[in-house]
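Report on the structure given below.
Protein chains: 2
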Amino acid sequence: MRQALDAARDAAARGEVPVGAVVVRGDEVVAVAANAPRALCDPTAHAEVLAIRAAARALGRDRLEDCDLWVTLEPCAMCAGAIAHARIARLYYGADDAKGGAVEHGPRFFAQPTCHHRPEVYAGIGAGESAALLRGFFSTRRAS
Amino acid sequence: MRQALDAARDAAARGEVPVGAVVVRGDEVVAVAANAPRALCDPTAHAEVLAIRAAARALGRDRLEDCDLWVTLEPCAMCAGAIAHARIARLYYGADDAKGGAVEHGPRFFAQPTCHHRPEVYAGIGAGESAALLRGFFSTRRAS
Chain Y
191 MRQALDAARD
201 AAARGEVPVG
211 AVVVRGDEVV
221 AVAANAPRAL
231 CDPTAHAEVL
241 AIRAAARALG
251 RDRLEDCDLW
261 VTLEPCAMCA
271 GAIAHARIAR
281 LYYGADDAKG
291 GAVEHGPRFF
301 AQPTCHHRPE
311 VYAGIGAGES
321 AALLRGFFST
331 RRAS
Chain U
191 MRQALDAARD
201 AAARGEVPVG
211 AVVVRGDEVV
221 AVAANAPRAL
231 CDPTAHAEVL
241 AIRAAARALG
251 RDRLEDCDLW
261 VTLEPCAMCA
271 GAIAHARIAR
281 LYYGADDAKG
291 GAVEHGPRFF
301 AQPTCHHRPE
311 VYAGIGAGES
321 AALLRGFFST
331 RRAS
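This is the structure in structure tokens:
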């Protein structure tokens with residue numbers, strides 16, 4: 191989660207909403223990514239999607255059943271769907287997202303019968319630091 | 191929808207689940223894409239995500255509020271999330287997907303309070319041809 195939080199801080203420095211994600215296989219970091227929809231002109235460029243895409247490319251396959259995903263914020267519906275499609279084994283996330291999250295909020299995607307793969311889910315890891323990063327980012331934007 | 195169905199047929203010819211998508215702005219086709227997770231080693235490479243990413247890149251921005259998306263199959267949660275993030279104005283889709291769809295099935299994402307943009311939705315366009323393509327693809331795979 192340390193590396194995911196560092197990636198989130200990098201995103202904030204570039205004016206992107208500070209969310210970071212890391213894909214890990216055993217002890218090996220396969221991919222690290224930060225939220226970048228503006229820089230990439232890509233509305234799908236959330237940290238989770240970018241990390242999953244980079245990990246799949248690095249491993250040369252479209253399923254990551256031996257990989258875990260660490261992300262600083264509760265995934266949205268798009269990212270929860272991507273996590274299921276990628277067959278991620280374990281999901282570790284930081285802050286809750288009551289407004290846009292899709293794991294414990296809104297569609298609660300992994301509990302839906304149309305979800306074909308449910309990772310093990312561990313929430314609240316590094317949540318305080320992640321939430322502080324997000325609060326700081328949005329308060330600076332509102333003030334400017 | 192004709193071009194989306196053609197793209198779906200191309201996907202089937204490459205051994206990918208036959209789904210195609212087109213992003214349109216007014217009378218102009220901005221992007222056409224076919225489902226390609228295997229070929230691209232990318233679990234997020236559904237037709238909708240690829241078409242949205244290509245259209246955003248072509249237009250140089252991460253919001254497509256003046257664009258419509260045509261897709262041959264009801265979008266899944268990942269793609270419905272991507273459609274909302276991209277601010278797609280109108281969604282036209284073909285066949286229903288009771289097993290994996292997220293518009294009229296499962297999470298019904300656009301009806302969730304955590305969905306921040308709801309496109310106008312028109313279902314069932316070219317549904318017969320789209321469903322026949324999918325049935326043909328899966329029956330060939332089961333037989334082989």
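Residue numbers (this note's numbering), protein chains in the order written: chain Y, 191 to 334; chain U, 191 to 334. We put the CB at the ideal spot given by N, CA and C, even for glycine.
Same chain, Cβ closer than 7 Å to residue i, neighbours up to 5 away in sequence not counted
| i | result |
| --- | --- |
| D252 (chain U) | A246 |
| T234 (chain U) | M268 |
| A272 (chain U) | E238, V239, I242 |
| D256 (chain U) | R215, A279 |
| W260 (chain U) | M191, A194, A211, V212, V214, Y282 |
Residue-chain proximity (residue i, chain Y), Cβ-Cβ < 8 Å
| i | result |
| --- | --- |
| T262 (chain U) | no |
| D286 (chain U) | no |
| H307 (chain U) | no |
| F328 (chain U) | no |
| A292 (chain U) | yes |
| Q302 (chain U) | yes |
C-alpha distance - residue i paired with residue j, whole-angstrom precision
| i | j | result |
| --- | --- | --- |
| T262 (chain Y) | A211 (chain Y) | 7 Å |
| I242 (chain Y) | M191 (chain U) | 30 Å |
| D286 (chain Y) | L230 (chain U) | 32 Å |
| G326 (chain U) | V209 (chain U) | 13 Å |
| E206 (chain Y) | R228 (chain Y) | 7 Å |
| A221 (chain U) | A194 (chain Y) | 33 Å |
| E264 (chain Y) | V213 (chain Y) | 15 Å |
| H307 (chain U) | N225 (chain Y) | 19 Å |
| L249 (chain U) | R277 (chain U) | 14 Å |
Close-in-space but distant-in-sequence residues of the same chain around residue i (CB under 6 Å, 5 per side omitted)
| i | result |
| --- | --- |
| A301 (chain Y) | none |
| A313 (chain U) | Y283 |
| R280 (chain Y) | D258, P309, E310 |
| H295 (chain Y) | A288 |
| A340 (chain Y) | Beyond the ends of chain Y as shown, which are 191 and 334, falls residue 340 (chain Y); an answer cannot be given. |
Min CB distance residue i to chain U below 8 Å
| i | result |
| --- | --- |
| C257 (chain Y) | no |
| D252 (chain Y) | yes |
| I242 (chain Y) | yes |
| V239 (chain Y) | yes |
| D232 (chain Y) | yes |
The ligand NAP heavy atom lying under 7 Å from the CB of residue i
| i | result |
| --- | --- |
| R277 (chain Y) | In the structure shown, the ligand NAP is absent, as is every other ligand, since no ligand is present at all. |
Residues near residue i in its chain [Cβ-Cβ closer than 8 Å; skip 5 each side]
| i | result |
| --- | --- |
| F299 (chain U) | A267, A270, G271, A274, A292, V293, C305 |
| A317 (chain U) | G284, A285, D286 |
Where residue i sits in the DSSP three-state scheme
| i | result |
| --- | --- |
| T330 (chain Y) | helix |
| E319 (chain Y) | helix |
| R204 (chain Y) | coil |
| L254 (chain Y) | coil |
| V239 (chain Y) | helix |
| G296 (chain Y) | coil |
| A229 (chain U) | helix |
Any C-beta of chain B under 8 Å from that of residue i
| i | result |
| --- | --- |
| R247 (chain U) | This model lacks chain B altogether, as its protein chains are Y and U. |
Decide yes or no for the touch test of the stretch 279 to 297 of chain Y against the stretch 193 to 200 of chain U: beta carbon pairs closer than 8 Å, at least 3 of them.
-> Cβ pair count under 8 Å is below three, so no.
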